[in-house]
Amino acid sequence: MNPTLHAARLGFARGWMEFKHQVTSAQDIGFVVITTAAFVVVLYFQRDATLPGTDLSLAAATLPGLLGLMIPINALMGAVGTLAVEREDGTLLRAKALPQGMVGYLVGKVVVLSISTLASLVVLLVAGLFLVPELAGTGVGGWLTIAWITVLGLLSALPLGAVIGAVAGSPQAAGGLVMLTVGGLTAISGVFYPITALAGWLQGLAHVFPLYWLGLGMRSALLPDSAAAAEIGGSWRPVETTLVLAAWAVAGLVLAPPILRRMARRESGSLMEQRRHRAMQRIG
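Heads up, the sequence shown is in full-length UniProt numbering, so the first residue is 1 and it goes up one at a time.
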């Protein structure tokens, strides 16, 4: 069997095992559970309110933004945090020592983070069926749109998270950088309000990044066609959404492997011990 394919197959198995362990570990699953629960609570308190001048419930208008935001929060932050921590604890160094070990390691991380993100989206959608009556009217086309937007969102977020985790000097620095990035993009990407309310240059900046397009794609799947009037150009722009998310996915998949290989080549026991020593000093 081809060594790379064999390593990828082992990576799939490892990712599934890590997910099962994650489900049984309160510490590992805590962030995902708290984030998903917070989003469900938001929907619960909005279930009886409607958007002014419309019959659309506020929860129905908020749900697409929550779905779009959950993908980078879980995938990006998960990739950054996991890679940064496992550089310090020696997991990455042990993977590097195995034949095609980095291939199996990366495949495993993609699998476990994708499954956990998908599980969070499913939980939110199931809650939405009870709290957002409009969701029951979503047709096959809407569900297919959610599926391909989710796949493109994962492909655009996971490689970017791997790159940030590879270049960050510590888990704390990685986490802080991701929080600032996600927070800033959330503020300008119109996931919870029409982006047309922002200044023109901020609209242009938001169009560069995936989060705006994730929110737009989810809105096109779950909101009535009449809601497109609030969007730029009065259209859901499915072609542009696909192209931008695909471009980010391709860029990440092209850039991430060489950056990760370079980072792995530089890993050594002495560097790991230095990072561990600095971590102990921070704790002490």
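Positions of the beta carbon are idealized from the N, C-alpha and C atoms, including for glycine.
Item	Value
Is it buried or exposed for threonine 54, if we count other Cβ within 10 angstroms and need 16 for buried?	exposed
Please work out which residues of its chain come closer than 6 angstroms, Cβ to Cβ, to alanine 127, disregarding the five sequence neighbours upstream and downstream, and give them in chain order.	Val40
Does threonine 50 come out as helix, strand or coil in the three-state DSSP assignment?	strand
Kindly indicate which three-state DSSP category serine 235 falls into: helix, strand or coil?	coil
Nearest to phenylalanine 19 by CA position, among Ala162, Val110, Leu243, is which residue?	Val110
Within its chain, find whatever has a CB closer than 8 angstroms to the CB of serine 120; leave out the 5 residues flanking it on each side and keep chain order.	Val32, Thr35, Thr36, Met70, Asn74
Roughly how many whole angstroms lie between the Cα atoms of glycine 141 and serine 25?	36 angstroms
Who are the near neighbours of glycine 68 in its chain, counting only those whose CB is closer than 6 angstroms to its CB and skipping five residues on each side?	Val191, Leu214, Gly215, Met218
Would you mind giving the Cβ-Cβ distance between proline 72 and leucine 205, rounded to the nearest angstrom? I have them listed as a contact below 8 angstroms.	Not quite, the Cβ-Cβ distance comes to about 16 angstroms (not below 8 angstroms), so this is no contact.
According to the Cβ coordinates, are leucine 160 and glycine 252 closer than 8 angstroms?	yes
Counting C-beta neighbours from all protein chains within 10 Å, is the total for threonine 145 16 or more, i.e. buried, or is it exposed?	buried
Tell me the DSSP secondary structure of serine 156 in three-state form.	helix
Between the alpha carbons of leucine 5 and glycine 15, how many angstroms are there, rounded?	15 angstroms
DSSP has serine 116 in a bridge; who is on the other side?	Answer is none; serine 116 lacks a bridge partner.
Assign serine 189 to one of three DSSP states: helix, strand, or coil.	coil
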